[in-house]
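A.B. asks: For reference, the structure I am asking about is given below.
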Amino acid sequence: MLNWDETLVDKMKAGERHSFEQCYRQLSPTIYTAIIKICRDEGNANDLLQDTFIKAFEKIDSYTFQDLSFVAWLKRIAFNNTFNFLKKQKLTLVGIDYLDDVISAAGEIENIYEQRNFLDSLLKKISEHERLIMWLYIVEQYSHEEIGNIVKKSPSYSKSVVSRCLKKLRTKEEVKNYAY
Amino acid sequence: MHINFRHAHDEYSQTEIVHLQQCHQCQEDVKSIEQLTSAGQVMPTLIPDELNWQVIQQRTLKREQKPVTPATKKNRLFIYTKLMAIAASTFFIAVGWLVWSNYQLQSQLEQVLLVNQSLELQLFENSAPSFHQANVLNEVRNIELQLINEKSNKRKLALLTARKQLIQEIVNIQNGNENAIYL
C-alpha cells in the first residue's frame, strides 16, 4: 500500500528541491511498473517514466486537490503519455509466445506459474493498446468512461476491448484443456 | 445478451445476478476478472533504474536555468512582433511620403515650365526689348545658367519660379510701358 503524504505537493509547489526527489522515490516504482507492464520494453518505459515526472514537476502549480489525488493525477499523466506513445508507434502486435505457452511440455509448472501470474499471462497475449485498457480496468479500477477519456474513444469501445481480452483468455484455456 | 462486467468490488443488479446464474460464459468472465484483479493487487512493483532520476534532475535543472520563463518569452515575442509591425508601417509611410512629395515637386516643375514657355512665347513677340527688359533678361540668363548646374529639384523649382517672375515682369513692361527706352 502506498503511503503518500499529500503535503509533499505543497513543498514541491514551494520549490523545495528535496521534496521532488522524495516524490520520485515514493511514486516511481508504481508508475514504472504500470508503464513497463503495458509497453513491455525497458527503454521505452524509462523514457516514459522520465517524461511523466518531468511533465508533472513542470505543471505542479496547476495541480489542485479537487477532483484527483496527486497520485491519481500523476498516473493520469503517465497513462496519457503511454497512450500517445503507443499511438505514435502504432504497434498492435500480439505476443508471439502464445503458441509456445500452449504446446509447452512443462504443463504443470506452467500452470502454477500462470496462476500466480494470471495477469502477466494475459498481458503477454494481447496488444499494447489492449494492455493499456486492461491495465486501467483491472489494476487501476478505472471505469469505462474514464478509460474512454484516456484512449479518446467511447466507453463501449473500452467495454468491447475488455470483453475481447477475456474471450482470448477463455479461448486459451479451452485450447489448453484440449491439448492436455 | 451478456451482462456488462463490473469491477470486482462492484455489486451486480438482481437481473444481472439471475443472468449470471444461468450463463456459463459470463460466470467464466466474472471469475476471470476477479482472478485478474487479485493478481493485479499482489503484483510486485518494479524499481526503475537510478539513472532515470539523474536524467530527470538534469532535464529539470536545464529548464530552470533558462532565464526566460515561457510567459516572459511569450511577452517578449509579442513585443518584438509589435515593434516589427511598427517599424514596417513607419518604413512604408516614409517611402509613400517620399514618392508622393517627389511626384508633387515634379508636377510643380512641369507647371512652372509651362508658364515659363508661354511667357517666353509672349516675349518673342516683341523683337526689340527696352533697356529695363534687357537687364531683366540678363537676370533670366543668369538663372538659366544656374538651372543648368542645379541638381536639387527644390532649388530648380525656386529658380524656375524666379525666372517666371522675371519673364512676367518683362511681359508686363512690354504691355504697360510704351515709353521705355529701346536698345
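Chains as they are written, first to last, in the numbering used here: chain A, 1 to 180; chain B, 1 to 183.
Even glycine gets a Cβ: it sits at the ideal position worked out from N, Cα and C.
1. Quick one: is the Cβ of A:V162 within less than 7 Å of any heavy atom of the ligand FAD?
2. Apart from the five residues on each side of it in sequence, which residues of its chain come closer than 6 Å, Cβ to Cβ, to A:V9?
3. Quick one: Cα of B:G40 to Cα of A:D61, how far?
4. Suppose the cutoff is 7 Å on Cβ atoms and the five residues either side in sequence are ignored; what does the same chain contact list for B:R52 look like?
5. Are there 16 or more other CB atoms within 10 angstroms of the CB of B:Q58, so buried, or fewer, so exposed?
6. Starting from the beta carbon of B:L36, find every residue of chain C whose beta carbon is closer than 7 Å, and list them in chain order.
7. According to the neighbour-count rule (16 or more other Cβ atoms, all chains shown, within 10 Å of its Cβ), is B:R164 buried or exposed?
8. Just curious, the alpha helix (DSSP H) that B:A39 is in, first and last residue?
9. In chain order, what residues of the same chain have a beta carbon less than 8 Å from the beta carbon of B:L113, not counting five sequence neighbours either side?
10. I need the DSSP call for A:Y32, collapsed to helix, strand or coil.
11. Counting only C-beta atoms, is B:R59 closer than 8 Å to chain A at any point?
12. If we ignore side chains and look at the alpha-carbon of each, how far apart do B:I86 and B:N75 end up?
13. Is there at least one Cβ from chain B nearer than 8 Å to A:D101's Cβ?
14. Hey, could you find the ends of the alpha helix (DSSP H) A:D47 is sitting in?
15. Using C-beta distances below 6 Å, list every residue in its chain close to B:L166, excluding the 5 sequence neighbours before and after it, in chain order.
16. Taking the C-alpha atoms as reference points, what is the distance between A:D120 and A:M12?
17. Is the Cβ-Cβ distance between A:L166 and B:S32 less than 8 Å?
18. Over the uninterrupted alpha helix (DSSP H) stretch that includes A:I138, give me the two end residues.
19. On the CB-based measure, 16 or more other CB atoms within 10 Å of its CB, does A:I133 come out buried or exposed?
20. Taking Cβ-Cβ distances shorter than 7 Å, what residues in chain B pair up with A:F181?
21. Below 8 Å on the Cβ atoms is my contact criterion, and I expect A:A56 with A:I35 to pass it. Report the Cβ-Cβ distance as a whole number of Å.
22. Determine the chain A residues that contact B:L46 at a beta-carbon separation under 7 Å, and present them in chain order.
23. Verify whether the separation of the beta carbon atoms of A:I150 and A:F85 is less than 8 Å.
24. Quick one, are the C-beta atoms of A:W135 and A:K37 less than 8 Å apart?
25. For A:L182, return the contacting residues in chain B, with the cut-off set at a CB-CB distance below 8 Å.
26. Near A:W73, which residues of its chain fall below 6 Å by C-beta distance, leaving aside the five closest residues on each side in sequence?
27. With A:D41 and A:N81 assumed to form a contact (beta carbons below 8 Å), what rounded beta-carbon distance in angstroms separates them?
C.D. replies: So, from the listed chains and residues:
1. Ligands displayed in this structure: none; no statement on the ligand FAD is therefore possible.
2. F70
3. 32 Å
4. First, the residue type needs correcting, since residue 52 of chain B is Asn and not Arg in the sequence shown. Here the set comprises nothing.
5. exposed
6. No chain C is part of this structure, whose protein chains are labelled A and B.
7. Here residue 164 of chain B turns out to be Lys, not Arg, going by the sequence shown. Per the 10 Å Cβ criterion, buried.
8. 24–42
9. L160
10. helix
11. yes
12. 16 Å
13. With a pLDDT of 43 at A:D101, under the threshold of 50, the modelled position of that residue is not reliable, and no figure is offered here.
14. 42–58
15. V136, E139, V140
16. 35 Å
17. yes
18. Taken as a continuous stretch (DSSP letters only), A:I138 belongs to no alpha helix (DSSP H), as it is neither H nor E.
19. buried
20. Look at the range of chain A in this structure, 1 to 180, and you will see that residue 181 of chain A is not part of it.
21. At roughly 14 Å, the Cβ-Cβ gap does not stay under 8 Å, so A:A56 and A:I35 are not in contact.
22. P29, Y32, T33, I36
23. no
24. yes
25. Given a span of 1 to 180 for chain A in the structure shown, any question on residue 182 of chain A remains unanswerable.
26. Y63
27. Not quite, the Cβ-Cβ distance comes to about 14 Å (not below 8 Å), so this is no contact.
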